[in-house]
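Undergrad: Quick one: the structure is below, questions incoming.
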Amino acid sequence: MRVLPAALQDHLDSGATTLCWCWRITRNDGTAFGFTDHDRDLAFDGTAFEAASGFTGSEISGAVGLNVDTLDVEGALQSDKLNEADLAAGLFDNARIEIYRVNWAAPSMRVLMRYGNLGEVSRGGSHFRCEVRGLAHALQQPQGRIIQYGCDADLGDPRCKVALGAAAYASNGTVASLGASPRSFMVSGLGGYAANWFTRGLLTWTSGANDGRTGEVKLHAKASSGVTIELWQKPSEAIAPGDGFHVTAGCDKQFSTCRTKFSNTANFRGFPHVPGNDFMLRVVSRSDRNDGGRVR
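Residue numbers for the sequence shown follow our numbering, beginning at 7 and rising by one.
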């Protein structure tokens, strides 16, 4: 049961209300933006709420228990604070959102109606729709470790301990020319590395329209014509020849890769020796030594 402030309750009891919705979105970097469906800007708690931002929300409903409460927020990308490029770049992924019911004539009369995080976002050239997930969503996320063949550490993190700053595992490069798709491009500066060395790695733009943004490498190919990088997702801004980037080596999370590529088996965070289906399906063979064979 939500208890309303006395002043807001008196306003509701009056029968003639001046209410609006306000949304405050706080990105993971701490930057906060405010939006309202009122026809003029409002401000409270140190946040300015921009009017005519195109925000509308679906019906808010709640459920008993640990079911995840969700609602949709949609609108037009007509605010300088919320645009297609920032959404595509992932700046609003899992951002915190607060939804207020506010008396626009006296913004001190307000109540927090919903608190959660932004979930799946679908967008077009001038329109977006995002899912707002309730706090119970965090309870559905896997916790702890999973018994699996692959490593569950991120390459270079404190559990992995690979020094990604070393020249063997990281390099700077420059876009030489554009490829057949907006996700691929020919590069210079990576000629000394074997093909696929940076596949599954992380590329960070250091100059150009995408400066500071990151993308995952889908393919690092090497041929007589030169070196090609292809990303999994098209950057939010167009790539241009001369754009600089920093790229780190990729890892497929397998024990053999940890051993041969990184010499880091002591810090492998998977379970490569757990018997799997292939072990259970082995049969006795007259030509084998029948000692189980070598698993790794």
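We treat Cβ as the ideally placed atom computed from N, Cα and C, and that holds for glycine.
In this text, all values refer to a predicted model and were calculated from it rather than measured experimentally.
1) DSSP on Cys26, reduced to helix/strand/coil?
2) So which of Gly36, Glu243, Trp110, Glu236 has the shortest CA-CA distance to Asn304?
3) Quick one: grab the DSSP three-state call for Leu18.
4) Can the beta-carbon of Leu170 be found closer than 8 angstroms to that of Leu184?
5) Do you know how far the Cα of Tyr106 is from the Cα of Thr212?
6) Since Ile31 and Phe98 should fall inside the 8 angstroms C-beta cutoff, what is the C-beta to C-beta distance between them, to a whole number of angstroms?
7) What does DSSP give as the partner residues of Ser177 in its beta bridges?
8) Under a CB-based cut-off of 8 angstroms, is Gly150 close to chain D?
9) Kindly list the residues whose CB is nearer than 6 angstroms to the CB of Asn202, restricted to its own chain and excluding five residues on each side of it in sequence; keep chain order.
10) Quick check: Ala182 and Ser190, are their CB atoms within less than 8 angstroms of each other?
11) Relative to the alpha-carbon of Ala200, which residue among Asp284, Gly218, Tyr175 has its alpha-carbon at the smallest distance?
12) Assuming the contact rule is C-beta atoms closer than 8 angstroms, Phe261 and Phe251 should be a hit. Round their C-beta distance to whole Å, please.
13) Please check the pair Gly276 and Gly198, which I expect to be a contact at CB under 8 angstroms, by giving their CB distance rounded to whole angstroms.
14) Here's a check: name, in chain order, each residue in its chain whose Cβ is nearer than 6 angstroms to the Cβ of Cys28, leaving out the five neighbours to either side.
15) Considering only C-alpha positions, which residue in the set Thr263, Ser114, Leu209 is nearest to Ala13?
16) If I measure Cβ to Cβ from Ala57 and keep anything under 6 angstroms in the same chain, skipping five residues before and after, which residues do I get?
17) Just list the residues that DSSP pairs Thr212 with in beta bridges.
18) Can you tell me where the beta strand (DSSP E) holding Ser1 begins and where it ends?
19) Identify, in the order they occur along the chain, each residue of the same chain with its Cβ nearer than 6 angstroms to the Cβ of Pro11, setting aside the five sequence neighbours on each side.
20) Mapping DSSP to helix, strand and coil, what is Ala227?
21) Less than 8 angstroms between the beta carbons of Gly125 and Arg102, yes or no?
22) So for Asn283, helix, strand or coil by DSSP?
23) Which residue comes first and which comes last in the alpha helix (DSSP H) that contains Phe261?
24) Taking the beta carbon of Ala303 as the centre, do at least 16 other beta carbons fall within 10 Å, making it buried, or is it exposed?
25) Could you tell me the distance, in whole angstroms, from the CA atom of Ala244 to the CA atom of Ala215?
26) Determine the closest residue to Phe268 out of Ala172, Val117, Leu18, with distance taken between C-alpha atoms.
TA: So, from the data block:
1) When DSSP states are grouped into helix, strand and coil, Cys26 belongs to the strand group.
2) A question about residue 304 goes unanswered here, because the residues of the chain that appear run from 7 up to 302.
3) In the structure shown, Leu18 sits in a helix (DSSP, three-state: H, G or I).
4) Against a cut-off of 8 angstroms, the Cβ pair of Leu184 and Leu170 comes out as no contact.
5) Taking the straight line from one Cα to the other gives about 39 angstroms.
6) For Ile31 against Phe98, the beta-carbon gap comes to about 7 angstroms, under 8 angstroms, which counts as contact.
7) Answer is Val253.
8) No chain D appears in the structure shown, which is made up of a single protein chain.
9) Apart from the 5 residues on each side of it in sequence, Asn202 sits with its Cβ closer than 6 angstroms to the Cβ of His226 in its chain, given in chain order.
10) Cβ distance not < 8 angstroms, so Ala182 and Ser190 don't count as in contact.
11) Nearest Cα to Ala200 within the set Asp284, Gly218, Tyr175: Tyr175.
12) Actually they do not touch by this definition, with Cβ atoms about 30 angstroms apart.
13) Gly276 to Gly198, Cβ: 30 angstroms. No contact.
14) So the list reads Thr42, Phe55, Tyr106, Val108, once near-sequence residues are dropped.
15) For Ala13, the closest C-alpha among the options Thr263, Ser114, Leu209 is that of Ser114.
16) Closer than 6 angstroms at Cβ, skipping near neighbours: Thr42, His44, Asp45, Arg46, Asp47.
17) Bridge partners of Thr212: none, in fact.
18) The structure shown does not extend to residue 1, since the chain is modelled only from 7 to 302, so the question has no answer here.
19) Here the set comprises nothing.
20) The answer is strand: DSSP assigns Ala227 an E or B state.
21) Cβ distance not < 8 angstroms, so Gly125 and Arg102 don't count as in contact.
22) Helix, per DSSP.
23) Where Phe261 is concerned, the enclosing alpha helix (DSSP H) stretches over 261 to 266.
24) In the structure as shown, the chain starts at 7 and stops at 302, and residue 303 therefore has no counterpart that could be examined.
25) Separation of Ala244 and Ala215 (C-alpha to C-alpha, rounded to the nearest whole angstrom) is 7 angstroms.
26) Out of Ala172, Val117, Leu18, Ala172 has the C-alpha closest to the C-alpha of Phe268.
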